[in-house]
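Chains as they are written, first to last, in this note's numbering: chain R, 3 to 275; chain G, 2 to 406. Ideal Cβ placement from N, Cα and C applies to all residues, glycine included. Computed from a prediction, not measured in an experiment: that's the story for all the values here. Before any comments, here is the structure.
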């Protein structure tokens, strides 16, 4: 319900939402709740908590390195759920768990769903799980009132986008480009067409991710999408920072500037090339 | 333990509960396109005749089924025949699949192919096929494997392929596949991913098996001609499992034929020391069904579902998962799997070299070692076909290091 309320509020204010991704446990389990609270205070509308995986084949170098740091610091899926529980003591920001499928499968779908829901997670996205393989997964997540978010891609046909949206709840996550995760300078030219295709098959809110890092990107997406997902750009701030507090400040600063662009837009001139 | 509850043996791309398609959405439509192109090619006489022409005139098929008389005598067990895939162009069975998929890439209008490689045999096969068909080729290879299989790196570069070293993770085959999949996601519209084993998302495990099944078709005819009877045992090494499934497939309906897949036992049974996914009965730990790189199958992993490090002296067997059809054959007990150590493989390579004058690849040497370890269980009139999947040129550095010091 937290995800739905967040998007309803955004729609009624006509404002583009910011979905902020960080890898849980990077650089330590204790740092993650601090980062999440800083992101939420700065205005992030939804937080995606990445569950680190040994073989992140959909991720570019930035998030690969974050996963390595998180695994090195001893992060497990159970540990990430414990982080969610800690965050819930002081924040009601919508939380989505962003994982590869195997850690979830190894914990057991039922055990995972019940633990994630009782910890206070709102939704789950499994990067390498498509509608075709997800029947049990969807049934079990729904039983525990967890939203199931699936990815749509530029290569998805209209028919598939409809199927993906039909399996999704909370929002639809649209991948902006045929690529792995990672910050890019510009948005792909065919993105508006992809968004129109997705709009025509679903009434769900649509968040666009992969390659979004700059206020200019966010301002272009206003009016086209419901939210922009920012991941690698935030993870880079964590990587660059010299301390956990420094990283938290940098994350908040990033989100504030993105949020500013989302609220007021930028002139075309300021849009990144 | 959670499992894949909804699966049925009849679903396309499923082998019992194993297999499936677990990939980022960006790859789903390309996988459907590949499946359609492959189904069309199967029924297309011009594709088939081109495929068979290249198998014969470019790769050198059919390969001999050689009676290993001195090895048979020396071991004093079953009669042993060697299926000589090592004699193929580029030195291993990998060329069968590379030709098939290379032709398919051309047919789909993809000007660029990418491949991963462990031992380098699949990389070399892909590189030469790309050169032969005029396709651009990029091969991803872990830097540890580039070091131990340097000859194959040089061969790929000689035919114009770009070899990209992969520094992430364990710097071996698994990491090369991750990097190839990242390339594919990025360049999917122009690029065919020429996956080298019976791994990955559907249709790869089925398609690669079909392209390799020529091994078993030939071997079955050849043994019937030579011995007027079917073999009692088939032996093959199993990394991802393409040479073994290629040999086994044609015999699956012959209940009297026992099939034995030999995995890499590495340095020991603890997780991290081996690459044995189906040898828990020998004490090798850490394998459970899970999802890795597109498929649901037995995977070496820790309790949290993180993929484990593996070790094998043989780069081609050094991989934490096994082809999903093998998982199903193992569950049904239609095929048996066991593991032999690095040292046993080295000893077996020397044994074959001296008994028959054939230097095997380290991968294939595992199959020989598996046969040797099983000697007490054979009956005198047992008849074995062992798939000699590759030749040992690429492994000479390793062999010399162990014997010449």
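Range covered by the beta strand (DSSP E) that runs through residue i
i: residue 134/R; result: Where residue 134/R is concerned, there is no enclosing beta strand (DSSP E), given that its DSSP letter is neither H nor E.
i: residue 408/G; result: Here chain G has residues from 2 to 406 only, and residue 408/G is not among them.
i: residue 339/G; result: 336-342
i: residue 23/G; result: 19-23
i: residue 386/G; result: 384-388
i: residue 50/R; result: 48-52
i: residue 142/G; result: 137-143
Nonlocal neighbours in the same chain, by C-beta distance under 8 Å from residue i, ignoring five residues either side
i: residue 289/G; result: 2, 299, 300 and 302
i: residue 112/G; result: 136, 137 and 191
i: residue 132/G; result: 138, 160, 161 and 162
i: residue 269/R; result: Low per-residue confidence applies at residue 269/R: pLDDT is 38, beneath 50, and the placement is therefore not dependable enough to give any value.
Interface flag, residue i vs chain G, CB-CB below 9 Å
i: residue 251/R; result: no
i: residue 131/R; result: yes
i: residue 177/R; result: yes
i: residue 180/R; result: yes
i: residue 83/R; result: no
i: residue 61/R; result: yes
i: residue 245/R; result: no
Cβ neighbours of residue i in the same chain (closer than 6 Å, five flanking residues each side left out)
i: residue 141/G; result: 117, 165, 167, 177, 180 and 181
i: residue 82/G; result: 66, 68 and 386
i: residue 134/G; result: 103 and 107
i: residue 356/G; result: 71, 72 and 75
i: residue 153/R; result: 175 and 177
i: residue 36/G; result: 204
i: residue 451/G; result: This structure leaves residue 451/G out entirely; chain G is present only between 2 and 406.
Short CB-CB distance (under 9 Å) between residue i and chain R
i: residue 293/G; result: yes
i: residue 142/G; result: no
i: residue 262/G; result: no
i: residue 283/G; result: no
i: residue 175/G; result: yes
i: residue 302/G; result: yes
i: residue 397/G; result: no
i: residue 2/G; result: Bear in mind that a pLDDT of 37 at residue 2/G, under 50, signals an unreliable position, so the number given afterwards is only what the model happens to contain. It does: the Cβ of residue 2/G has a partner Cβ on chain R nearer than 9 Å.
i: residue 189/G; result: yes
i: residue 241/G; result: no
i: residue 6/G; result: Residue placement at residue 6/G is poorly supported in this model, since its pLDDT is 43, which falls under 50; the coordinates are not used for a value here.
i: residue 169/G; result: yes
i: residue 98/G; result: no
i: residue 306/G; result: yes
i: residue 385/G; result: no
Where the alpha helix (DSSP H) containing residue i begins and where it ends
i: residue 103/R; result: 103-109
i: residue 49/G; result: 46-55
i: residue 111/G; result: That residue, residue 111/G, is in no alpha helix (DSSP H); it is neither H nor E in DSSP.
i: residue 185/R; result: Unbroken run through residue 185/R: none, as it is neither H nor E.
i: residue 257/R; result: 246-266
i: residue 24/R; result: Where residue 24/R is concerned, there is no enclosing alpha helix (DSSP H), although the beta strand (DSSP E) it sits in stretches over 19-25.
i: residue 327/G; result: 325-332
Spatial neighbours of residue i in its chain, beta-carbon cut-off 7 Å, leaving aside the 5 residues before and after
i: residue 150/G; result: 120, 121, 316 and 395
i: residue 13/G; result: 203
i: residue 226/R; result: 194 and 197
i: residue 77/R; result: 26, 27, 31 and 54
i: residue 43/R; result: 254
i: residue 199/R; result: 160 and 163
request  = Could you please tell me which residues of the stretch 138-171 of chain R, in chain order, have their CB closer than 8 Å to any CB of chain G?
outcome  = Answer set for the stretch 138-171 of chain R: 138, 152, 153, 154, 155, 156, 157, 158, 159, 162 and 166.
task = Taking 8 Å as the threshold, find out whether the stretch 144-159 of chain R comes into contact with the stretch 25-44 of chain G through three or more Cβ pairs.
result = Enough Cβ pairs lie closer than 8 Å, so yes.
task = Could you tell me whether the stretch 321-328 of chain G touches the stretch 36-54 of chain G, where touching means 3 or more Cβ pairs closer than 8 Å?
result = At 8 Å Cβ cutoff, the stretches do not touch.
inquiry  = Short of 7 Å Cβ to Cβ, which residues in the stretch 92-108 of chain R face chain G?
reply    = For the stretch 92-108 of chain R, which is checked against every Cβ of chain G, the residues closer than 7 Å are 103, 104, 105, 107 and 108.
message = Three or more C-beta pairs under 8 Å: does that hold for the stretch 137-151 of chain R against the stretch 24-41 of chain R?
response = These segments do not touch.
ask   = Name the residues in the stretch 139-164 of chain G whose C-beta lies less than 7 Å from a C-beta of chain R; which are they?
value = Residues: none.
task = Check whether the stretch 92-111 of chain R touches the stretch 246-266 of chain G, taking contact to mean three or more Cβ pairs, one atom from each stretch, closer than 8 Å.
result = Touching, no.
ask   = Does the stretch 359-370 of chain G come within contact of the stretch 47-60 of chain G, defined as at least 3 CB pairs closer than 8 Å?
value = No: the two stretches stay apart, fewer than three of their Cβ pairs being nearer than 8 Å.
query = Quick one: any contact between the stretch 142-161 of chain G and the stretch 337-352 of chain G, if contact means 3 or more CB pairs under 8 Å?
reply = Touching, no.
ask   = Residues in the stretch 19-31 of chain G with C-beta within 9 Å of chain R's C-beta atoms, listed in sequence order?
value = Here the close residues are 21, 22, 23, 24, 25, 26, 27, 28, 29, 30 and 31.
request  = Decide yes or no for the touch test of the stretch 191-201 of chain G against the stretch 94-103 of chain G: beta carbon pairs closer than 8 Å, at least 3 of them.
outcome  = Output reads yes: the stretch 94-103 of chain G touches the stretch 191-201 of chain G.
Chain G contacts from the stretch 35-53 of chain R (Cβ-Cβ distance under 7 Å) = For the stretch 35-53 of chain R, the set of residues with a beta-carbon nearer than 7 Å to any beta-carbon of chain G is empty.
ask   = Going along the stretch 3-22 of chain R in order, which residues come within less than 7 Å of chain G, judged by CB to CB distance?
value = Here the close residues number zero.
task = Using a Cβ-Cβ cut-off of less than 8 Å, give me the residues of the stretch 317-330 of chain G that come near chain R, in sequence order.
result = Within the stretch 317-330 of chain G, no residue has a Cβ that lies closer than 8 Å to any Cβ of chain R.
key: Interface residues of the stretch 103-119 of chain G facing chain R [CB-CB below 8 Å]   = Result list empty, no residue passes.
request  = Decide if the stretch 252-262 of chain R is in contact with the stretch 20-27 of chain G; the criterion is three or more beta carbon pairs, one per stretch, under 8 Å apart.
outcome  = When Cβ pairs closer than 8 Å are counted between the two stretches, the stretch 252-262 of chain R is seen not to touch the stretch 20-27 of chain G, the count staying below three.
query = Can at least three beta-carbon pairs, one atom from the stretch 228-236 of chain G and one from the stretch 373-385 of chain G, be found at a separation below 8 Å?
reply = The stretch 228-236 of chain G makes contact with the stretch 373-385 of chain G: 3 or more CB pairs, one atom from each, lie closer than 8 Å.
request  = Give the residues from the stretch 65-81 of chain R that approach chain G closer than 7 Å (Cβ to any Cβ), ordered along the chain.
outcome  = Residues passing the 7 Å Cβ filter: 66, 73, 78 and 79.
key: Cβ pair count under 8 Å reaching 3, the stretch 243-254 of chain G against the stretch 212-227 of chain G   = Yes, the stretch 243-254 of chain G is in contact with the stretch 212-227 of chain G.
request  = Indicate whether the contact test is met: 3 or more Cβ pairs, each with one atom in the stretch 58-70 of chain R and one in the stretch 10-22 of chain R, closer than 8 Å.
outcome  = Verdict: no, contact absent.
inquiry  = Beta carbons nearer than 8 Å to chain G: which residues of the stretch 180-207 of chain R have them?
reply    = Within the stretch 180-207 of chain R, the residues whose Cβ lies closer than 8 Å to some Cβ of chain G are 180, 181 and 182, listed in chain order.
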